[in-house]
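Numbering (the working numbering), first residue to last: 42 to 470. A short write-up of the structure that comes next.
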């Protein structure tokens, strides 16, 4: 081809290339427009960043995530900390039979508060007394308040019942969930303050635990009743009719003040236990659980595979003692142990109570067991379920200020038998 012909074709070639680039640009713009229109359709009036702010600052996580699948997939990791550098997810579900609460509230309606001159919300206790009569269990949202607390920055701790109830079926129980891919380990602790035997041992929950912890399963189950007792302070409840809470009613002197006397501000917590919190000794172990989250010790329970290992390495070692420990140890101080227990209990704050039926409680716990033991859901994630409870609650005179014969009996000390169930499932290798 001559140079003249080549030269004459250049404008045509350039024109075609120009048109091609225009078409490609137009096509790209169309895709951007379509994407923009699609985002407008699924995101509504706000970009995803605004939805995130609405969700977190407005405390409407469930409502926002339920708008549509796009928003759900985009924001789920941020809703529960998966986008904030956390490596471990720790859930704490606190549940109790309402039996003690009903005794507590009936006593309050009958006899009034221990400290009449201190603030007390009479109406809310009266309403709670009416509502609790319809339910067998209650869930408690708890928090650990300690001025010197240092949290583990790699562990996200969730104690809110509503969040846990949403997380388990909608996110954790989903093999494609972004949440499960974000965390290296997912642990669930269930603390049963009252009614452990009936809820765990004598129900279908125990059958589910046995099924998923059987030999040959990818999960290992350990279920034990600790040989030693858990020791801690408590107050005389005096809930029964005929057992007056008042030593000198006319003088306004209550029999029941001991458990309140360890507040840093004297009587600052008056009426906190009775009638508000109901529980005292039962909350001591929760402080130890929170400490294990902050120190990273809870993650070590993932490595326990024997009853002996759990006996020696559970989170409550400070208060679970053998007679030899407090009878023979020259450094044992029973009075200091009582003070520590009282402070530990006061450090647990009950943020909210949610009443629940027998079916609701058992269904959620069974789903937790089934989910955390699933090979289909968890492949690259370590999972752990730790259930703890108590029985044989009784007053004791075994604890003394110092060794026997050299110290007085520490009053208002109680003990109970701790029960543990541990179900671990290491990630697939």
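Glycine included, each C-beta is placed from N, C-alpha and C at the ideal position.
The C-alpha of residue 90 is placed about 44 Å away from the C-alpha of residue 235. In the displayed model, residue 234 falls within coil according to three-state DSSP, outside both helix and strand. Note on geometry: alpha-carbon atoms of residue 428 and residue 230 lie some 6 Å from one another. Shortest Cα-Cα distance from residue 424 to any of 126, 110, 130 involves 130. As summarised for the region 155-192, the continuous alpha helix (DSSP H) elements at least 4 residues long and confined to that stretch are 163-173, given in chain order. Where residue 326 is concerned, the enclosing alpha helix (DSSP H) starts and stops at 325-336. For residue 376, the closest C-alpha among the options 464, 152, 274 is that of 274.
Burial check for residue 336: the Cβ neighbour count within 10 Å stays below 16, so the residue is exposed.
Residue 417 has its alpha-carbon roughly 42 Å from the corresponding atom of residue 188. DSSP places residue 128 in the coil class of the three-state scheme, outside both helix and strand.
When C-alpha distances from residue 396 are compared across 126, 143, 243, the shortest belongs to 143. If you look at residue 394, you'll find it in the beta strand (DSSP E) that goes 389-397.
Approximately 26 Å separates the beta-carbon atoms of residue 361 and residue 467; this is outside 8 Å, ruling out the contact. Counting along the chain, residue 320 sits inside no alpha helix (DSSP H), nor does DSSP assign it H or E at all. If only complete runs of 3 or more residues are kept, the region 392-459 shows the beta strand (DSSP E) at 423-437, in order along the chain. Note that the C-beta distance between residue 312 and residue 210 is not below 8 Å. Here residue 276 is not near residue 324, since their CB atoms are 8 Å or more apart. For the pair residue 422 and residue 225, the Cα-to-Cα distance works out to about 5 Å. Across the set 158, 136, 168, 137, the C-alpha of 168 shows the shortest separation from the C-alpha of residue 150. Residue 465 is a Cβ neighbour of residue 261, given a cutoff of 8 Å. Taking 8 Å as the cut-off, the beta carbon of residue 462 is found closer than this to the beta carbon of residue 250. Annotation: the continuous beta strand (DSSP E) that includes residue 197 extends over 196-199.
For the options 127, 217, 442, the alpha carbon positioned closest to that of residue 198 is the one of 127. Following the DSSP letters along the chain, one finds residue 265 inside the beta strand (DSSP E) bounded by residues 261-266. Under the three-state reduction of DSSP output, residue 227 falls in the strand class.
A check of alpha carbon separations from residue 202 across 195, 190, 183 identifies 183 as the nearest. Rounded to whole angstroms, the separation of the alpha carbons of residue 228 and residue 206 is 15 Å. Going by beta carbons, residue 185 and residue 389 fall inside the 8 Å limit.
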